Every structure is written in structure tokens, then in C-alpha cells.
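Asks:
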Amino acid sequence: MLTNESYLWHNKKAPRSSTAISALVAINLFAIAFMLFFMRNSEPLLNPTVFAEDGVWTGMGMEHGWLQTAWNARPDYKVVLNVAMLWLAAKTSYIFTGSHIEGLAFFIAIFSYAFFAAIATLGYLATQGIISHPLRIVLYILIVMAPVGLHGNEIFGRILQIGFFLPLASIFLLMIRDQTLGIIGTITIDAILVLFVITNPVVALLVFLYAALYLLKNRNLLATIKSLAPLCLISLTYIIAVKDNVRPGSSLPIAWDQNHAVEAIVARSVLYPFVHLIYRNMTDVTSIVLLVVFITLIACALYLSRRNGKWFILAFSAASLFIYVALTFKMRGGLTTLLNGYNSTFPDRYFVGINLIAMLCFVLALSIIIESAGRNVRIACYSLLALIVFSYVWKASSIFERGRPTMVIYQDKSFGDRLCAAKKTMDGLYSQVLIEPAGWSMKIPNGELHLTRCP
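Numbering (the UniProt record's numbering), first residue to last: 1 to 455.
#1: How long is the line joining the alpha carbons of F362 and V138, rounded to whole angstroms?
#2: Please name the residue or residues paired with Q128 in a DSSP beta bridge.
#3: I'd like to know whether the C-beta atoms of V208 and L81 end up nearer to each other than 8 Å.
#4: Taking buried to mean at least 16 other C-beta atoms within 10 Å of its own C-beta, is S383 buried or exposed?
#5: Which of the three DSSP states is assigned to L104 in this structure?
#6: Hey, could you find the ends of the alpha helix (DSSP H) V80 is sitting in?
#7: What do you reckon, are the CB atoms on L356 and I143 nearer than 8 Å?
#8: Measuring CB to CB, does R349 end up less than 8 Å from I159?
#9: For the beta strand (DSSP E) that M359 lies in, which residues bound it at each end?
#10: How big is the Cα-Cα spacing for L181 and G416?
#11: Leaving out five residues before and five after S320 in sequence, what residues of the same chain have Cβ atoms less than 7 Å from its Cβ?
#12: Taking DSSP as the reference, what is the three-state secondary structure of W256?
#13: Just to confirm before moving on: does the CB-CB distance between L88 and F111 stay below 8 Å?
#14: What three-state label does DSSP hand M145 in the structure shown?
#15: Only counting the same chain, and skipping five residues up and downstream in sequence, which positions put a Cβ closer than 6 Å to that of M62?
#16: Starting from the N-terminal side, write out each stretch of the alpha helix (DSSP H) that is 4 residues or longer and does not extend beyond the segment 260-312.
#17: So N153 and E53 are in contact, right, with Cβ under 8 Å, and what is the actual spacing, rounded?
#18: Would you kindly work out how many angstroms separate the C-alpha atoms of M58 and A73, rounded to a whole number?
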């Protein structure tokens, strides 16, 4: 599976003491990230609410069964991981409260924070031996503090948006897969990747991309087939199964606004995590100039790493970024109609996953340049990273919204209040429970509603 180009540490077995220390570090980083994501948006715990599809899909799971809901919740593509996490939240609620819904909002928030914390921790673990330890910490910080405009309240503490982050998580998992994990580790990662594929079809294309670059790196068709054929075949089968159902637009306008194309494709998708402080002062010209700088940086790093294995990871990440951007605007071209001349960033949820992959490419490229260049260039690279981290610290008050999010979801009643109001009027087999935002509701079996404890 590995070639002479693989990183040296991949060919060594870590001593048990080293493994234990790594596990302890990972646990601590996960706990820190969990708390920081809670601080980014505390409202889902302080004022428990169930938001949009989180409630609708949970209600469908209780009415039609969780497996059927996982496969049929959406008509265009599957949301298996989303539904699995909602099931987990409902089951955990039952364990602690005796009801699948009484603690639902609380545990949705808990598992959401855990999901994002896991991605940040995974980024740190996946880049071991690829970039230096200080840069791994920087990458971790950049993931945890990634700016999301004014709409963090519909992302952090919610489950419905996790699919946008799966391409990044898949890149990290494929990085780890390239290590000497053994057959059990490889099968485990492949199983997780299959779950990601049937939740976000973009991941399937990243699997194909990884296989192509893996073959290019190893120049061994038989080894590539042996290593990746099952994962690729499952991904291909899924793409064939859903291709006729996937339609452009979804809930967005189908129209394409060329006047905002550069703003959407370049500035908001790729450059935003670097320029968020000055985003409102950007123009199409400055966006294109900075994009050229970004591409040049990656091209230089690829050239410098052409004789070692690090070109592979950077090429895979950069090509993944291109694919994710291209597919986003092929299927959601209406995003160009929602931006308004660098005056807003909505809808942020579509862009944050792309932003994080762009940041990963940036850190990988700088790492290669730092290793290869002279002292002055290294100082410039570290200064640039420090400037970006400082920009996040400067905006910490808006990044960490705590219990006062800019995007208000909680109005005057918690999810518990909504349940108790519905319980008073329940009749028949099911009741409609109001959730957020206004106009949304979830269908809950009255047997479950009856178990809810009310004043």
C-alpha cells in the first residue's frame, strides 16, 4: 500500500507509550474544541430549540422508522449520517429522561458540538508527519475559529448542516488511511467513508480522485485496485443509484447571476477565511488578484515537493477544493443570486466546508515552502500565518457568540415549552409540535408526547 515516497513515520510502529500520549493529546484537543464550539454558539443548550430539518427528520424517524427515513428523508440525495445522529440524540434522550423527545434538543446540540470537535481533532491527527507540530496546532485553531459570517446559530449546535463538512473530514480520513493502519483500521475508515458517501455525494468524487492520484504516485495498478477497488465500487454504485434524482437548485433559485459569480465562486468560497476582516471592501478585481496569489502559492509548493510524497496530499486537497467548488455551483448556481456585492455572506452554510478545505491547502502549501525555502521566506510565511490567526483573535467577540447569536432562532419558547403545549391538545395517534423557524413543525407520536414531563 505504501511506497518509498511515503513519509518515514508511516513505516515505523509507534511505541505504546507514544500511542498513549497521542491518545491523551487527542482527547484533550477534542475536549477543548468541544468547549470552544459551545462558546461559538451556546444558545442550543441555554435555550434548547429544535431547528428545521432536525425536527422534521426526527419526526419522520419516529413515524416511518429510522432506516426508511435515512434513505428517503430527501428526494434528491440521502442524509444517512444526519438521521443516524438524530437517532443517537433521541436514544440518548430516552436513556437519560425516559423519553425520546424530552431531551432531544439538548442532545442534538451535544452531538453537534462533538461532531465539529472531532473534525478539528482529526485535522490535527491526520497531518502528523506531514506538517510540523506548530502548524498542526495552527490548523486546529483555524478550524475551530473558522468565520461563518452571521449565521453560526444554524450550524453549531445543529445536525442538519453537517453534510457540508464531510468532504473535509473525508480528506483527513484518507490522509490517515495512507498510514500503516492494518486491515482493521483500513476497513474502519472505509466504512466511515461509505457513510459519508451516502450522506454527501461529493465525497464519492473525492474517493475517485484519491484513487487516481494514488495510482499516479505508486504507479502500481494492481496495488491500487487491491487497496481501493471496494471503496470505489461502492461509491460508484451509489452515484449511479442517485444520479437521476439529483436536481439543481433544491431550495435555492435555479437562476445564475453572472454579476456575482466572482464574488460567490472566488471571494466567498475560497478567499473568505483569509479576508473576512476586509470582505466588505473587496471587489472582483482584488478577488481575482488574490486568487492568482493563492494558486501561485499552491503551484510553487507542488513544484518544491515534486520529489517527495508531500505533493500527493497537497495535490489531493487542492483538487478536492476545485471539485467541491465546481459541484456546489453546478448544483446550486442560485447562490450567485443571494450575494449582493460583498455586503453579506449569506447563506454561510454552503461555503464553510469549502472555506476549511481552502485553509487546509494554504497551511499545507506554506508548510512545504517553509521546509524548502531560506530564512527570509520562512519568516514571511510564519508572519502570514500569524496575521491570519491574529485576524481571528481580533474578531473573537463575533466568532464566539456564546448565548447571544447574531442570528436569532430562539424566540419565546423552548422546545420543552412547545412539547408541553402540544401535549395539552394532543388527540389521535400523532401531534404536530411547533419548532423553529416560524412555520415549521414536526410530527410526533402521541405515545412519545405522553411521556414528556411538564409542569
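Heads up, the beta-carbon is just placed ideally off N, CA and C, and yes, glycines get one too.
It should be emphasised that the depicted structure is a prediction, and the values quoted were computed from it without experimental measurement.
Replies: In brief:
#1: Taking the first residue of the sequence shown as position 1, residue 362 is located at position 362. Taking the first residue of the sequence shown as position 1, residue 138 is located at position 138. F362 and V138: Cα-Cα distance of roughly 11 Å.
#2: Mapped onto the sequence shown, residue 128 falls at position 128. DSSP lists I131 as partners of Q128.
#3: Numbered from its first residue, the sequence shown carries residue 208 at position 208. Numbered from its first residue, the sequence shown carries residue 81 at position 81. The question names Val, but residue 208 is Phe in the sequence shown. Cβ atoms of F208 and L81: not closer than 8 Å.
#4: Translated into the one-based positions of the sequence shown, residue 383 becomes position 383. Residue burial annotation: S383 is exposed, with fewer than 16 other C-beta atoms found within 10 angstroms of its C-beta.
#5: For the purposes of this step, residue 104 is identified with residue 104 of the sequence shown, where counting begins at 1. Reduced to three states, the DSSP call for L104 is helix.
#6: In the sequence shown, the residue the question calls residue 80 occupies position 80. Counting along the chain, the alpha helix (DSSP H) containing V80 begins and ends at V80 to T97.
#7: The sequence position of residue 356 within the sequence shown is 356, counting from 1. The sequence position of residue 143 within the sequence shown is 143, counting from 1. Yes, these two residues count as a Cβ contact at 8 Å.
#8: Here residue 349 corresponds to residue number 349 of the sequence shown, with the count starting at 1. Here residue 159 corresponds to residue number 159 of the sequence shown, with the count starting at 1. Result no, Cβ atoms of R349 and I159 do not sit closer than 8 Å.
#9: Reading the sequence shown from its first residue, position 359 is the one you call residue 359. Per DSSP, M359 lies in no beta strand (DSSP E) segment; the continuous alpha helix (DSSP H) that holds it begins and ends at R349 to S372.
#10: If you number the sequence shown from 1, residue 181 lands on position 181. If you number the sequence shown from 1, residue 416 lands on position 416. Between L181 and G416, the C-alpha separation is close to 45 Å.
#11: On the sequence shown, position 320 is the one that residue 320 refers to. Excluding the 5 residues flanking it on each side, S320 has same chain C-beta neighbours closer than 7 Å at P167, I171, L206, L209 and I357, in chain order.
#12: As a first step, residue 256 must be located in the sequence shown, where it is residue number 256. The answer is coil: DSSP assigns W256 none of H, G, I, E or B.
#13: As a working mapping, residue 88 is identified with position 88 in the sequence shown. As a working mapping, residue 111 is identified with position 111 in the sequence shown. The answer is yes: Cβ separation under 8 Å.
#14: Against the sequence shown, residue 145 aligns to sequence position 145. It is coil, neither helix nor strand.
#15: Locating residue 62 in the sequence shown gives position 62, where the first residue counts as 1. Cβ neighbours of M62 beyond the five flanking positions: P445.
#16: 272-275 and 284-304
#17: Residue numbering aside, residue 153 sits at position 153 when the sequence shown is read from its first letter. Residue numbering aside, residue 53 sits at position 53 when the sequence shown is read from its first letter. 15 Å between Cβ atoms; not a contact.
#18: The count along the sequence shown starts at 1 and reaches residue 58 at position 58. The count along the sequence shown starts at 1 and reaches residue 73 at position 73. Correcting the residue type first, residue 58 is Thr in the shown sequence and not Met. CA-to-CA, the gap between T58 and A73 works out to about 10 Å.
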